[in-house]
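Under the numbering used here, the letters of the sequence shown match residues 1 to 235, in that order.
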Amino acid sequence: MQADQLMRVVTKVLHDLTPRAQPPPYAKRWWTKDLTRLRRTYTYWRNQARAQRRAGQSRPDLEHRAKEAAKEYHDNLRSQKKTHWDDFVTDESNIWRAVKYVKSGMEMTDDKVPPLKRADGSTTEGKGEIEPEGERPQREEIAMPDLTLQEVEEKVMATKPWKALGEDGLPAIVWKKLWHVVKHRVWALFDSSLREGMEPHQWRTAKIIPLRKPGKGDYIQGRHPVHCRAQGQEA
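Structure representation (structure tokens):
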């Protein structure tokens, strides 16, 4: 509850005072300088041919040049779009690719726990078939020192300010800038989580992104998962 309230307040302040930068509506990430040059060439010859038509003069040479420039421009435009899209979908660090590797039922190494074997060689099918081991000896409880505000502050300040974002979408720089305001609330959350053995539900989820291992681009297990968690969870 306290974590939800804190996140609502911080998110609202960020939205009101530092709104996210939005790309212009006509921005095209696949655009290149060559396309700009080809577009200007095509526009020039098209305007030349159009001006002659409006003047009532027939200039087949200008019409032909304008058509060639238009074809070259649009061919390169389609090719660049396709190349950009192919690069996008083959990027192993792209978040949309992560869905493919975290789906249940896929055959991946270490994604399933093997069944337990009995002494007679048979295997178990569920937890109910595991034979009880009797009363287990309990270890003595280890004294947990109280969490201090200084310890939490050191961890927050040591975090990379612009590292990969978690589910909350907030980089660590946000908490560094707001630390003088929220430090006591954040410390109280950490302290209560340790004492009660429970953590806010927002800290229980993470984004998983598969990254390619160096030199193993074609290897079927050549990727390792990276967890992008909320900054509170990271600390």
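For glycine and all other residues, C-beta sits at the position ideal for the given N, C-alpha and C.
Shorter than 7 Å, the distance from the beta carbon of residue i to the closest heavy atom of the ligand ADP, or not?
i, result
"Trp203", "The ligand ADP is absent from the structure shown, which contains no ligands of any kind."
Quick check: the Cα distance between residue i and residue j, rounded to an integer number of angstroms?
i, j, result
"Gln80", "Arg37", "14 Å"
"Gly121", "Arg136", "25 Å"
"His74", "Lys67", "11 Å"
"Thr159", "Ala172", "7 Å"
"Ser58", "Arg50", "10 Å"
"Trp187", "Arg139", "29 Å"
"Val152", "Asp16", "27 Å"
"Ile142", "Glu196", "15 Å"
"Trp62", "Tyr42", "Note that residue 62 is Leu in the sequence shown here, rather than Trp. Answer to the nearest angstrom: the Cα atoms are 11 Å apart."
How would you call residue i, buried or exposed, if buried means at least 16 neighbouring beta carbons within 10 angstroms?
i, result
"Val156", "buried"
"Trp203", "buried"
"Ala98", "Per-residue confidence for Ala98 stands at a pLDDT of 41, beneath the threshold of 50, marking its modelled position as unreliable; the derived number appears in the next sentence. Buried, because 16 or more other Cβ atoms sit within 10 Å of the Cβ of Ala98."
"Leu116", "exposed"
"Tyr44", "exposed"
"Ala69", "buried"
Can you list, in chain order, the residues of its chain whose CB lies under 7 Å from that of residue i, leaving out five sequence neighbours each side?
i, result
"Arg8", "none"
"Lys176", "Val156, Met157, Pro161"
"Leu77", "Leu35"
Going by DSSP, what residues sit across from residue i in a beta bridge?
i, result
"Lys117", "Thr123"
Quick one: what's got a C-beta closer than 8 Å to residue i's C-beta in the same chain, skipping five residues either side?
i, result
"Leu194", "Met144, Leu147"
"Leu6", "Val182, Arg185, Val186, Leu189"
Residues in its own chain within less than 6 Å of residue i by CB, not counting five upstream and five downstream?
i, result
"Thr83", "none"
Measure from the C-beta of residue i to each C-beta in chain E and report whether the shortest distance is under 8 Å.
i, result
"Glu135", "Of the protein chains in the structure, only one exists, and it is not chain E."
request  = Evaluate the contact criterion for the segment 52–72 versus the segment 27–35: three or more CB pairs, one atom per stretch, below 8 Å.
outcome  = no
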